[in-house]
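Trainee: Numbered according to our numbering, the sequence shown spans residues 109 to 299.
Even glycine gets a Cβ: it sits at the ideal position worked out from N, Cα and C.
Remember, it's a predicted structure, so these values are computed and weren't measured experimentally.
Here it is, the structure in full.
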Amino acid sequence: MQLLREKILTQGKTLPGNILKVDSFLNHQIDIDLLNEIGKEFRTRFQGKNVSKILTIEASGIAVAVIAAQYFNVPVVFAKKTVGKNMDKAVYIGSVYSYTKAQQYNILVSKEAISQEDNILIVDDFLANGQAILGLKEIIDAAGANLVGAGIVIEKGFQKGGRRLRDSGINIQSLAIIDSLEENKIVFRNE
Ligand code: 5GP
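Okay, structure coming up:
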């Protein structure tokens with residue numbers, strides 16, 4: 109997606125540890141025009157898949173998921189990272205290792221939020237090692253729902269997640285795939 113690539117090239121910052129900082133349009137300040145284009149593109153890529161719900165993880169996935177959901181006319185469910193007092197007691201639990209925070213944590217979704225009738229599209233901002241998607245898949249499997257695929261804004265193609273998940277048969281649609289990320293040099297995969 110050309111518009112996204114241009115944003116990454118002009119505003120993305122590379123940090124040590126192969127981290128791409130996109131705080132000016134995706135992870136802190138949010139460019140709504142760009143997110144609308146991203147939402148439309150996900151809609152096109154998952155056309156005819158009968159998506160009934162979009163699932164993401166708080167916090168950074170929520171904005172992308174909510175705008176995308178308007179093009180699918182479906183609700184968004186976001187997995188929570190902490191248990192609040194108002195959270196339902198009956199929850200599905202997935203386990204995620206965070207690459208950026210270097211720690212393992214659980215994600216939770218109320219059993220009332222998804223059911224075995226659901227066709228679920230996962231949406232997230234980044235795909236690196238695939239841990240977030242695997243944690244969400246645990247929840248989808250536990251609910252007996254169907255995983256339609258995953259729409260990702262930026263995939264770091266030099267990390268293992270994308271290949272592993274595609275090899276396991278999951279339909280992963282990434283709008284920009286980065287093949288290498290060196291200081292001030294971002295190389296995209298030609299698609
Ligand atoms: P994974 O679970 O695929 O290993 O990592 C994906 C999650 O880690 C995303 O939800 C995102 O929040 C975070 N993440 C991984 N790599 C990056 C990165 O380079 N930049 C930013 N901003 N977030 C990242």
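Can you tell me whether Lys188 is helix, strand or coil according to DSSP?
Mentor: In the sequence shown, the residue the question calls residue 188 occupies position 80. Strand, per DSSP.
Trainee: Output yes if chain B places a C-beta closer than 8 Å to the C-beta of Glu220; else output no.
Mentor: In the structure shown, chain B does not exist; there is a single protein chain.
Trainee: Taking only runs of the beta strand (DSSP E) that begin and end inside the region 188-233, which ones reach a length of at least 3 residues, in chain order?
Mentor: The qualifying runs are 199-206, 211-218.
Trainee: What did DSSP end up calling Asn367 once you bin it into helix, strand or coil?
Mentor: Residue 367 lies beyond the residue range present for the chain, which begins at 109 and ends at 299; the question has no answer from this structure.
Trainee: So which of Met195, Lys219, Ser282, Ile222 has the shortest CA-CA distance to Phe234?
Mentor: Along the sequence shown, read from residue 1 onward, the residue named residue 234 stands at position 126. Closest by alpha carbon: Ser282.
Trainee: Can you tell me which of the three DSSP states Phe296 falls into?
Mentor: Your numbering for residue 296 matches position 188 in the sequence shown. Note: Phe296 maps to strand in three-state DSSP.
Trainee: Using DSSP with H/G/I as helix, E/B as strand and the rest coil, what is Glu114?
Mentor: Your numbering for residue 114 matches position 6 in the sequence shown. Reduced to three states, the DSSP call for Glu114 is helix.
Trainee: Looking at the secondary structure, which residues open and close the alpha helix (DSSP H) in which Lys148 lies?
Mentor: The residue you call residue 148 lines up with position 40 of the sequence shown. Start and end: 140-153.
Trainee: On the CB-based measure, 16 or more other CB atoms within 10 Å of its CB, does Lys193 come out buried or exposed?
Mentor: Here residue 193 refers to the residue found at position 85 of the sequence shown. Lys193 comes out exposed.
Trainee: Alpha carbon to alpha carbon, how far is Ile153 from Pro124?
Mentor: Here residue 153 refers to the residue found at position 45 of the sequence shown. Here residue 124 refers to the residue found at position 16 of the sequence shown. A quick correction: the sequence has Arg, not Ile, at residue 153. Their backbone Cα atoms lie some 33 Å apart in a straight line.
Trainee: So, are the CB atoms of Gly147 and Gln178 less than 8 Å apart?
Mentor: Position 39 of the sequence shown holds residue 147. Position 70 of the sequence shown holds residue 178. For Gly147 and Gln178, yes; Cβs fall inside 8 Å.
Trainee: Can Phe266 and Arg113 be called in contact, C-beta distance under 8 Å?
Mentor: Residue mapping note: residue 266 aligns to position 158 of the sequence shown, counting from 1. Residue mapping note: residue 113 aligns to position 5 of the sequence shown, counting from 1. Cβ atoms of Phe266 and Arg113: not closer than 8 Å.
Trainee: Looking at Gly120 and the ligand 5GP, is the gap between the Cβ and the nearest heavy atom below 7 Å?
Mentor: Position 12 of the sequence shown, counted from the first residue, corresponds to residue 120. For the ligand 5GP, not one heavy atom lies less than 7 Å from the Cβ of Gly120.
Trainee: When DSSP labels each residue in this structure, what does Val256 get in the three-state scheme?
Mentor: Here residue 256 is taken as the residue at index 148 of the sequence shown, counted from 1. Here Val256 sits in strand by DSSP.
Trainee: For a test of the three-state rule: what should DSSP assign to Asp131, helix, strand or coil?
Mentor: As a working mapping, residue 131 is identified with position 23 in the sequence shown. Correct three-state label for Asp131: coil.
Trainee: In terms of residues, what are the limits of the alpha helix (DSSP H) holding Tyr167?
Mentor: Residue 167 sits at position 59 when you count from the first residue of the sequence shown. Per the sequence presented here, residue 167 reads as Ala, with Tyr not at that position. Where Ala167 is concerned, there is no enclosing alpha helix (DSSP H), given that its DSSP letter is neither H nor E.
Trainee: Under DSSP, the alpha helix (DSSP H) around Ala251 begins and ends at which residues?
Mentor: Taking the sequence shown and counting its residues from 1, the one referred to as residue 251 is at position 143. Start and end: 239-251.
Trainee: Below 7 Å, is the gap between the Cβ of Val130 and the nearest heavy atom of the ligand 5GP?
Mentor: Here residue 130 refers to the residue found at position 22 when the sequence shown is read from its first residue. Yes, the Cβ of Val130 comes within 7 Å of a heavy atom of the ligand 5GP.
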